[in-house]
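1 is the number of the first residue of the sequence shown in the numbering used here; add one for each residue after it.
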Amino acid sequence: MLEFDNALIISDLHLTPAYPHTANRFIDFCRQEARGVQALFIIGDLFEFWVGDDAHLHTPFHQQIAHEIALLGQSGVQVFFIAGNRDFMLGKKFSELANWKTLADPSQIRIGKHTWLLSHGDVLCTADPGYQLFRSFTRIPFFQHIFMQIPTNYRKKLGERLRRRATIKYQMRKNFDPLKASVKGNVTLEACSQMTSRYDCDRLVHGHTHLPGFHEENWGGHSWKRWVLSDWDLDHPEMYPRANALRIDASGIQSVDLIQN
Ligand SMILES: [Mn+2]
Numbered sequence: 001m002l003e004f005d006n007a008l009i010i011s012d013l014h015l016t017p018a019y020p021h022t023a024n025r026f027i028d029f030c031r032q033e034a035r036g037v038q039a040l041f042i043i044g045d046l047f048e049f050w051v052g053d054d055a056h057l058h059t060p061f062h063q064q065i066a067h068e069i070a071l072l073g074q075s076g077v078q079v080f081f082i083a084g085n086r087d088f089m090l091g092k093k094f095s096e097l098a099n100w101k102t103l104a105d106p107s108q109i110r111i112g113k114h115t116w117l118l119s120h121g122d123v124l125c126t127a128d129p130g131y132q133l134f135r136s137f138t139r140i141p142f143f144q145h146i147f148m149q150i151p152t153n154y155r156k157k158l159g160e161r162l163r164r165r166a167t168i169k170y171q172m173r174k175n176f177d178p179l180k181a182s183v184k185g186n187v188t189l190e191a192c193s194q195m196t197s198r199y200d201c202d203r204l205v206h207g208h209t210h211l212p213g214f215h216e217e218n219w220g221g222h223s224w225k226r227w228v229l230s231d232w233d234l235d236h237p238e239m240y241p242r243a244n245a246l247r248i249d250a251s252g253i254q255s256v257d258l259i260q261n
């Protein structure tokens, strides 16, 4: 098992050239807050969408993000990536440029005085069986191979269209029920219980739901602690700006607010 005295964890930055303030905050984060820790874990949805390395890596934006991560690595910080539902097609080429290591979802890591289970979190949203079916299908290497045969430009358009439509279409539905949607978009006690007991680890850290918080939970006589990371968005002044990281060291775990500065 990987072991560190201290580490930072971030998730759901949803980086895209369309949101420059958020991207610049990540670049500053790589040059400032992230320096000096032993490890940085990026646990999914670093990018707003990713439809193959060939579709994105020629752009200066994506090259710079990879470069900043590589520079952080050169400064002595080990960088790790767990794929999210937006960027699970991130491939070898990007990993080589960023010089990070890809980890399985979930991964068990020893940091400070405890062992932590890190997951993007979408696999825990089992109240949405339709999504889980889509997820298991799209993670099959053969499906991904077929997907990559679609011409680059078409894949790019597809990604953009899917991204733009998903939320709007969902909320426009006649039978849209915000309460039901909030249940579907969240993790279930059952899934968290299963994951934490399978790994015999009672400290779970995830993102994906964009519902930052800390929960002490139990299910069927089994209990665990769960930390949820915030997503990052500094480009929509009409909404509240948000960006955080979790820092773990010998003294425990704390949320680092990245909005100030
Ligand atoms: Mn996600």
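For every residue, glycine included, the Cβ atom is placed at its ideal position computed from N, Cα and C.
Beta strand (DSSP E) segment containing residue i, residue limits
i, result
"A39", "39-42"
"D249", "244-249"
"Q260", "Note, Q260: premise wrong, no beta strand (DSSP E); not H, not E."
"L8", "7-10"
"G79", "Here residue 79 turns out to be Val, not Gly, going by the sequence shown. Per DSSP, V79 belongs to the beta strand (DSSP E) from 78-81."
Residue i to residue j span [Cα, whole Å]
i, j, result
"F214", "R203", "11 Å"
"I42", "F80", "6 Å"
"W50", "F94", "11 Å"
"V205", "D53", "28 Å"
"K269", "Q149", "Since the first residue shown for the chain is 1 and the last is 261, residue 269 is missing from the structure and cannot be characterised."
"N24", "W232", "11 Å"
"A39", "A243", "19 Å"
"H62", "L246", "24 Å"
"D177", "G76", "48 Å"
"Y19", "G220", "43 Å"
"L124", "L103", "17 Å"
"H222", "Q64", "44 Å"
"L189", "S182", "14 Å"
Beta-bridge pairing of residue i - partner residues as DSSP gives them
i, result
"G213", "V228"
"K113", "Answer is none; K113 lacks a bridge partner."
"F28", "In the sequence as presented, Phe is not what sits at residue 28; that position holds Asp. Looking at the DSSP assignment, D28 forms no beta bridge with any residue, so it has no partner."
Candidates the options, of which the one nearest residue i by Cα
i, options, result
"P212", "V228, W224, Y199, I259", "V228"
Distance cut-off 6 Å: residue i Cβ against heavy atoms of ligand 2
i, result
"H208", "Ligand 2 is absent from the structure shown, which contains only ligand 1."
Residue range of the alpha helix (DSSP H) that includes residue i
i, result
"D54", "53-56"
"L71", "60-74"
- prompt: What are the complete beta strand (DSSP E) segments, minimum 3 residues, inside the segment 136-207?
  reply: 203-206
field: Length-filtered (3 minimum) beta strand (DSSP E) runs lying within the segment 83-135
entry: 107-111, 114-119
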